[in-house]
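Colleague:
Protein chains: 4
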Amino acid sequence: MSHNTFGHLFRVTTWGESHGPALGCVVDGCPPGIRFQLSDIQADLDRRRPGKSRFVTQRQEPDQVKILSGVLEDGDELITTGTPVSMLIENVDQRSKDYGEIARQYRPGHADYTYDLKYGLRDYRGGGRSSARETAARVAAGALARKVVPGMVVRGALVSMGVKDIDRANWDWDFVQSADNPFFTPDPKSVSVFEDYLDGIRKAGSSVGAIVEIVADNVPAGLGAPIYAKLDQEIASGLMSINAVKGVEIGNGFEAARFTGEENADEMRMGNDGPRFLSNKAGGILGGISTGQPVVARFAVKPTSSILNTRQSIDVDGQEVDVRTKGRHDPCVGIRAVPIGEAMVACAIADHYLRHRGQTGRVN
Amino acid sequence: MSHNTFGHLFRVTTWGESHGPALGCVVDGCPPGIRFQLSDIQADLDRRRPGKSRFVTQRQEPDQVKILSGVLEDGDELITTGTPVSMLIENVDQRSKDYGEIARQYRPGHADYTYDLKYGLRDYRGGGRSSARETAARVAAGALARKVVPGMVVRGALVSMGVKDIDRANWDWDFVQSADNPFFTPDPKSVSVFEDYLDGIRKAGSSVGAIVEIVADNVPAGLGAPIYAKLDQEIASGLMSINAVKGVEIGNGFEAARFTGEENADEMRMGNDGPRFLSNKAGGILGGISTGQPVVARFAVKPTSSILNTRQSIDVDGQEVDVRTKGRHDPCVGIRAVPIGEAMVACAIADHYLRHRGQTGRVN
Amino acid sequence: MSHNTFGHLFRVTTWGESHGPALGCVVDGCPPGIRFQLSDIQADLDRRRPGKSRFVTQRQEPDQVKILSGVLEDGDELITTGTPVSMLIENVDQRSKDYGEIARQYRPGHADYTYDLKYGLRDYRGGGRSSARETAARVAAGALARKVVPGMVVRGALVSMGVKDIDRANWDWDFVQSADNPFFTPDPKSVSVFEDYLDGIRKAGSSVGAIVEIVADNVPAGLGAPIYAKLDQEIASGLMSINAVKGVEIGNGFEAARFTGEENADEMRMGNDGPRFLSNKAGGILGGISTGQPVVARFAVKPTSSILNTRQSIDVDGQEVDVRTKGRHDPCVGIRAVPIGEAMVACAIADHYLRHRGQTGRVN
Amino acid sequence: MSHNTFGHLFRVTTWGESHGPALGCVVDGCPPGIRFQLSDIQADLDRRRPGKSRFVTQRQEPDQVKILSGVLEDGDELITTGTPVSMLIENVDQRSKDYGEIARQYRPGHADYTYDLKYGLRDYRGGGRSSARETAARVAAGALARKVVPGMVVRGALVSMGVKDIDRANWDWDFVQSADNPFFTPDPKSVSVFEDYLDGIRKAGSSVGAIVEIVADNVPAGLGAPIYAKLDQEIASGLMSINAVKGVEIGNGFEAARFTGEENADEMRMGNDGPRFLSNKAGGILGGISTGQPVVARFAVKPTSSILNTRQSIDVDGQEVDVRTKGRHDPCVGIRAVPIGEAMVACAIADHYLRHRGQTGRVN
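Residue numbers (the working numbering), protein chains in the order written: chain A, 1 to 364; chain B, 1001 to 1364; chain C, 2001 to 2364; chain D, 3001 to 3364.
(1) So Asp2084 of chain C and Asn1004 of chain B are in contact, right, with Cβ under 8 Å, and what is the actual spacing, rounded?
(2) Where does the unbroken beta strand (DSSP E) through Val1048 of chain B begin, and where does it stop?
(3) Tell me which residue opens and which closes the alpha helix (DSSP H) that Gln1064 of chain B is part of.
(4) Against Ile79 of chain A, what residues of chain D qualify as contacts under a CB-to-CB distance less than 8 Å, listed in chain order?
(5) Under 9 Å, Cβ to Cβ, is there at least one residue of chain C near Val149 of chain A?
(6) Taking DSSP's pairing of strands, which residues face Pro3032 of chain D in a bridge?
(7) Quick one: does His2019 of chain C have its CB under 9 Å from some CB of chain A?
(8) According to DSSP, simplified to helix, strand and coil, what is Ile242 of chain A?
(9) Taking the straight line between their C-alpha atoms, what separation do you get for Val1159 of chain B and Ile1211 of chain B?
(10) Tell me the DSSP secondary structure of Arg122 of chain A in three-state form.
(11) So, using beta-carbon positions, are Pro1294 of chain B and Ala1348 of chain B closer together than 9 Å?
(12) Which residues in chain B sit within 8 Å of Gln312 of chain A, going by Cβ to Cβ distance?
(13) Along chain B, which residues have their Cβ under 7 Å away from the Cβ of Val248 of chain A?
(14) Would you mind working out which of B:Trp1015, B:Asp1040, B:Ser1131 and B:Ala1022 sits nearest Ser1305 of chain B, comparing C-alpha positions?
(15) Just the chain A side, please: which residues come within less than 8 Å of Ala1022 of chain B by C-beta, in chain order?
(16) Consider the Cβ of Ser241 of chain A: report whether some Cβ of chain D lies at a distance smaller than 9 Å.
(17) Report the rounded CA-to-CA distance for Asn3280 of chain D versus Asp1028 of chain B, giving the unit in angstroms.
(18) Whose CA, out of A:Gln233, A:Ala337 and A:Leu117, lies closest to the CA of Asn1243 of chain B?
(19) Counting only runs of 3+ residues fully inside the stretch 3256-3285 of chain D, write out the beta strand (DSSP E) ranges in chain order.
(20) Since Gly2016 of chain C is in the beta strand (DSSP E), which residue starts that stretch and which ends it?
(21) Between which two residues does the alpha helix (DSSP H) holding Val3148 of chain D run?
(22) Inspect the beta-carbon positions of Thr1081 of chain B and Val1092 of chain B and report whether they are closer than 9 Å.
(23) Hey, does Pro331 of chain A have any beta-carbon neighbour from chain C nearer than 9 Å?
(24) I want to verify the contact list: residues of chain B whose CB lies under 8 Å from the CB of Leu3354 of chain D, in sequence order.
(25) Are Val2321 of chain C and Asp2116 of chain C closer than 9 Å when you measure CB to CB?
(26) Bridge partners for Lys2164 of chain C per DSSP, in chain order?
(27) Considering only the beta carbon of each residue, do Pro3108 of chain D and Arg3311 of chain D sit closer than 9 Å?
(28) Find the nearest neighbour of Ala3229 of chain D within the set D:Thr3360, D:His3352 and D:Ile3079, judged by alpha-carbon distance.
(29) Would you kindly work out how many angstroms separate the C-alpha atoms of Pro2331 of chain C and Asp2040 of chain C, rounded to a whole number?
(30) How about Ile1250 of chain B and Gly1283 of chain B: are their beta carbons less than 9 Å apart?
(31) Using 8 Å as the cut-off, can you tell me whether the stretch 259-267 of chain A makes contact with the stretch 1198-1210 of chain B, which would need three or more C-beta pairs spanning the two stretches below that distance?
(32) Going by C-alpha distance, which of A:Glu73, A:Pro303 and A:Ser290 is nearest Gly1253 of chain B?
(33) Strictly under 9 Å for the Cβ-Cβ distance: is Phe3183 of chain D near chain C by that measure?
(34) Would DSSP call Ala350 of chain A helix, strand or coil?
(35) Does DSSP put Phe2055 of chain C in a helix, a strand or coil?
(36) Going by DSSP in three states, Ser2190 of chain C sits in which element: helix, strand or coil?
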């Protein structure tokens, strides 16, 4: 059962609400003997952390992670013991305010209406469980997942913001992590374009969507499983579980629907180090199983539903209301989705790495 | 664990290879007391069945389903007992032929290479477990899933074939099932366009991709769960598990990434029968939970990898080879993906219907 | 979810009713490359098969297993491919008879009453899904599980029948499988005692319970997991899932409750081949993890509920009735429970073997 | 997967070590709208809490539970929201001491040796994850589970301590919770017997085992499932997962193996309120499904492995050593197992209550 858990051998359970005392996760099944530093986890959390630029929510959360179980200390390092790793992040900046309106109004595009329908009640403070605060826990788990697969590197980048696209010819992975880059864009020339565009959106009281691309390098061949545990399926499932995601594609994705068989085939030749593919339209996965090429996925994030501009809705009593969502919000939630997407891909691959080793006894 | 199983309370396990004696599924958790006729299952299988027109594979498989357990007979009707429903479909037309080449060559775009990498051996006869023959079992399970949610109607349609799109202004659900429509297209005017286009593709020894849209009407509000059991996530997971699918989107999907918050919001007003939405860009799901609107999903199917035209590849010994895939193949596998997509969506919703009832005790 | 499935990486789903056309199982997650012969499976089924002596039910079922998927043939051998292994056993001797009484009366000790309460209907023919016919599928799966753990030997024996116990001083594993031994007793001297005792029980229209002991040798150390996946827990769970089982114990079991800490400790010394234990009161498991010693479990089987002697009950209309259960029944179902218990222990250990390899990357 | 998780719809994940900063659990799937007070949880924890009498470990842990998520406050009450309930208990009395010996020696009967074999390292401080400290988290989860099934009452009692048994004729449930009763015994006359016996054991540097009985009243009929989700199976699994448990039985348990079919049958008559059973040898479960009678289970707890008396063992270097386990230990861990056993039974029944409602739409 998977209401708040994902993964099978590398298994992550998250808990916590936007305005509760804390949130966190339990990672069960992490192999023993993995060495890491707390700063490895913190670094990923810092990349997702709010309040770092004017282009993201101004909520100030230090997002300091504490590890409560599952590790032994050895100097600066932590070593996993094979028992559950419980990680906790305190909520600090739950701004004291009147939730009167949000408690009673169904904000368009939010889960307010559906939570009430489903459960008969909801935690309206900051969106409760439906808040993207929950994704901090995923990022913490993902940081651990990265350590599970030797050599694997999982990176993400924002490739479109609203109607603006990057130029792939300028792709620079190093620039993605640059301090001058508030957008995780891989195209240095796109920064000023995105700045102007998003400033306009923000000042207009609006918001905008985005497309994020995740690439996993050094993924061992043979991970995944043929039918209902396809690696691409589980990556897609993980990415679709991120708040506001409306679409996912692997490799060339929807473009493949427009191609002929010849155009779409990734041909093979023998290289010096063994088989090599002449292209990677498949995104590193054939028949649900990794080929050894980079695994490539993209996902579409809808525009932030919380906007200052007025939208029509109803309230809990069925009265028609006009909703304006004040408060602190990301004008483009797709930006901070980059490290979250990386985490979900890392977790999916780590889980399959362990499952593959279990079922087949091999590590390719 | 989910190598060959999906769902939680409505749980489907499939088995079988392309050229084995049979394939089938076990549906565990189907509620007791559901009445249906064997012809209800067979009708869906017939829609997926190969050999019905020149636009699909010429393999002749009657795909007659047998139900081996889990039901009581009452005249023409079958009644589920709550125990596992085992369904079996015999393979009939496994053409006797020399598998020499296919056994040794890695066909581009197929799972040949990755199966060998993963398992160290593979059933090369007709693609073995990676063959789309497996999807017959899903369709049988989906036919039962449809009966689980009272009133639910799940329908699919082909909306693009290669570079050709339907005109949504002509959408006619009745036409989708018409005998004059070999494509599951909802646009009567598209038939001749698709015929000419696909005849050309076929005669050129090539293949082409497609986009399929699935719409589920009368889905109760409140189904799904907030975080890792989002209804859209599990629909996406199910659709991505179908052979050759490279992308999935819910509602307006990737288009949402281009929108502003105002454009993307589905506003609400009070109607005579309660709350109503003024649009359905969300595709019937907010925060992972159904709103009561139609649930809308689309998926992209890559072109059939088996083509007559020559592609470069290698064989099991690492020798470079030129591969031409003779034999019987669909020039556009996206066509027969329509009933398969319906089945996966029906199963995902049925599973959440039972889970919702279990956790909350409600049925909205 | 586990209504009709058990195991995680080595995962068994069974289906079928007593009087349906067939029953079977799907084994998902079996490692690739395992070589076996069909006769390996059949041999275990033959040990469980009814009709072999006057001490078991006279229902004649050949229990010929067919493997429908998941294997390749190589001469006389079958090789697993890593895909689901579907096994099917036809029901042959569903005696045509009037089920009038059994359909309407709740037989004491049977599941008739509870199935009706739960599902609102039931398949009363031969007990439907609650029949011990289902256990044939477990035995088939268990035969495959034995092949998964190199060198493992799982054997069972009947150690008590009703008030009669074997003499452990006479224990002879070879005798258990002897053709002269209709009871799976390890004590040659007990055969005549059991024969006389059970003939008396049978002729009196009664039935009697039994205790069965299972011993697994050559179980690698390190299998199991600390908390909710303890090896002893999962063995106990598997044994308790067998029809009519009312108690399970590991090692010295309930006797441990009578012991002091000194008496109960299995002390250790260094032997020539490494650590050795001076006793095995723990039954080969400490903290839920195998020690490398033999794994020992015992389970109690209640007397067959179907007896000729009259018992008081009610019928589906709430009328009080006197029930006599005619037909073919085992006077001591505990006898045929021996190979079933072996199968459940083999499956539990095989599953943990794969899980251990997955999580830790080791095989001790 | 269930390394540190149990249950399906009512799903409990625990984490934490004996000497880490805290331990806890996440309860996922708890229905929304359940009202309780924090003191309801605390009361059960207090019953399990160490340090309350000279007959249990002197470690002083207040075991104050904090609820970090999944609830709304309404005055003194908490209301579940349907999202994960995260509960945390801080470890306070991790006595600072030299772990030199315990870090290097394999204590007989403990998991030291097997953890090292499995994981290649272990947290030796207080036994790490294998410590019974973990069971506090179960008790917290169980307190919530009790609220899920309306009217259900789950109670436990110690029925044997070492070679001393209670007299069932004196059974008094009220006395079990009496302040004068440090043993959870239901027989007031047994207190002085147990006191003298256990004082002797304790002063001799030894320990002793126990048998605990759990009775669940007002369990709705129809809970459980036929084959691999039998209610008795899942209760047995839960009880076997408790540290030091070596055997489990349901109803008359092992005694059933000695009975004839007539003796063992629970006959039925019609009472004023519907069907009634004339006895309850089955322990309230037939065919894996609850009958509506009290559910009765018993489990055997081995003597505490940590004793002052010397036992032979080896250390991590394979050197032979004599082990004496100093420190604070329960002379009879079976005593504090009573509330733990209650918790596991409550959780198993709550899970099946939700599953039954999900699959069948009924609540009997």
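In this text, a Cβ means the ideal position worked out from N, Cα and C, and glycines have one as well. Since the model is a prediction, treat every value here as computed from it, not as a measurement.
Modeller: So, from the data block:
(1) Position 84 of the third sequence, counted from the start, is the residue given in the question as residue 2084 of chain C. Position 4 of the second sequence, counted from the start, is the residue given in the question as residue 1004 of chain B. As written in the sequence, residue 2084 of chain C is Pro, which differs from the Asp given in the question. Confirmed, about 5 Å.
(2) Looking up residue 1048 of chain B in the second sequence gives position 48. One detail in the question is off: residue 1048 of chain B reads as Arg in this sequence, not Val. Not the beta strand (DSSP E): Arg1048 of chain B falls in the alpha helix (DSSP H), residues Leu1038 to Arg1048.
(3) Residue mapping note: residue 1064 of chain B aligns to position 64 of the second sequence, counting from 1. Note, Gln1064 of chain B: premise wrong, no alpha helix (DSSP H); not H, not E.
(4) One-based indexing of the first sequence puts residue 79 of chain A at position 79. Chain D residues near Ile79 of chain A: Leu3121.
(5) What you label residue 149 of chain A is simply residue 149 of the first sequence in a count that begins at 1. For Val149 of chain A, the answer is no, since every Cβ of chain C falls outside 9 Å of its Cβ.
(6) The sequence position of residue 3032 of chain D within the fourth sequence is 32, counting from 1. Answer is none; Pro3032 of chain D lacks a bridge partner.
(7) Residue mapping note: residue 2019 of chain C aligns to position 19 of the third sequence, counting from 1. Not one chain A Cβ lies under 9 Å of His2019 of chain C.
(8) If you number the first sequence from 1, residue 242 of chain A lands on position 242. Reduced to three states, the DSSP call for Ile242 of chain A is coil.
(9) Reading the second sequence from its first residue, position 159 is the one you call residue 1159 of chain B. Reading the second sequence from its first residue, position 211 is the one you call residue 1211 of chain B. Taking the straight line from one Cα to the other gives about 6 Å.
(10) Here residue 122 of chain A refers to the residue found at position 122 when the first sequence is read from its first residue. Coil, per DSSP.
(11) Within the second sequence, the letter at position 294 stands for residue 1294 of chain B. Within the second sequence, the letter at position 348 stands for residue 1348 of chain B. No, the Cβ-Cβ distance between Pro1294 of chain B and Ala1348 of chain B is not below 9 Å.
(12) Here residue 312 of chain A refers to the residue found at position 312 of the first sequence. What Gln312 of chain A touches in chain B: Glu1267, Met1268, Arg1269 and Leu1278.
(13) Translated into the one-based positions of the first sequence, residue 248 of chain A becomes position 248. Here the neighbours are Ala1236, Gly1247 and Val1248.
(14) The sequence position of residue 1305 of chain B within the second sequence is 305, counting from 1. Nearest option by C-alpha distance: B:Ser1131.
(15) Residue mapping note: residue 1022 of chain B aligns to position 22 of the second sequence, counting from 1. Result: empty, since nearest Cβ-Cβ is about 16 Å, beyond 8 Å.
(16) On the first sequence, position 241 is the one that residue 241 of chain A refers to. No - not a single Cβ of chain D is within 9 Å of the one on Ser241 of chain A.
(17) Mapped onto the fourth sequence, residue 3280 of chain D falls at position 280. Mapped onto the second sequence, residue 1028 of chain B falls at position 28. Between Asn3280 of chain D and Asp1028 of chain B, the C-alpha separation is close to 31 Å.
(18) For the purposes of this step, residue 1243 of chain B is taken as residue 243 along the second sequence, with counting starting at 1. Closest option to Asn1243 of chain B, Cα to Cα, is A:Gln233.
(19) 3268-3271 and 3274-3277
(20) Here residue 2016 of chain C refers to the residue found at position 16 of the third sequence. Here the beta strand (DSSP E) through Gly2016 of chain C covers Arg2011 to Gly2016.
(21) Mapped onto the fourth sequence, residue 3148 of chain D falls at position 148. Counting along the chain, the alpha helix (DSSP H) containing Val3148 of chain D begins and ends at Thr3135 to Val3148.
(22) For the purposes of this step, residue 1081 of chain B is identified with residue 81 of the second sequence, where counting begins at 1. For the purposes of this step, residue 1092 of chain B is identified with residue 92 of the second sequence, where counting begins at 1. Result no, Cβ atoms of Thr1081 of chain B and Val1092 of chain B do not sit closer than 9 Å.
(23) Locating residue 331 of chain A in the first sequence gives position 331, counting from the first residue. Chain C, which has no Cβ nearer than 9 Å to the Cβ of Pro331 of chain A, makes this no.
(24) For the purposes of this step, residue 3354 of chain D is taken as residue 354 along the fourth sequence, with counting starting at 1. What Leu3354 of chain D touches in chain B: Gly1358 and Gln1359.
(25) Looking up residue 2321 of chain C in the third sequence gives position 321. Looking up residue 2116 of chain C in the third sequence gives position 116. Going by C-beta atoms, Val2321 of chain C is not nearer than 9 Å to Asp2116 of chain C.
(26) Against the third sequence, residue 2164 of chain C aligns to sequence position 164. Answer by DSSP bridge pairing, in chain order: C:Met2161.
(27) Along the fourth sequence, read from residue 1 onward, the residue named residue 3108 of chain D stands at position 108. Along the fourth sequence, read from residue 1 onward, the residue named residue 3311 of chain D stands at position 311. Cβ distance < 9 Å, so Pro3108 of chain D and Arg3311 of chain D count as in contact.
(28) The residue given as residue 3229 of chain D occupies position 229 in the fourth sequence. Nearest C-alpha to Ala3229 of chain D: D:His3352.
(29) For the purposes of this step, residue 2331 of chain C is taken as the residue at position 331 of the third sequence. For the purposes of this step, residue 2040 of chain C is taken as the residue at position 40 of the third sequence. Spanning the two alpha carbons is a distance of roughly 28 Å.
(30) In the second sequence, counting from the first residue as 1, residue 1250 of chain B sits at position 250. In the second sequence, counting from the first residue as 1, residue 1283 of chain B sits at position 283. Taking 9 Å as the Cβ cut-off, Ile1250 of chain B and Gly1283 of chain B qualify as a contacting pair.
(31) yes
(32) For the purposes of this step, residue 1253 of chain B is taken as residue 253 along the second sequence, with counting starting at 1. Among A:Glu73, A:Pro303 and A:Ser290, the Cα nearest to that of Gly1253 of chain B belongs to A:Pro303.
(33) Counting from one through the fourth sequence, the residue named residue 3183 of chain D turns up at place 183. Cβ-Cβ to chain C under 9 Å: no for Phe3183 of chain D.
(34) One-based indexing of the first sequence puts residue 350 of chain A at position 350. Three-state DSSP puts Ala350 of chain A in a helix.
(35) If you number the third sequence from 1, residue 2055 of chain C lands on position 55. Of the three classes helix, strand and coil, the one that applies to Phe2055 of chain C here is coil, per DSSP.
(36) Along the third sequence, one-based indexing puts residue 2190 of chain C at 190. Three-state result, Ser2190 of chain C: helix.
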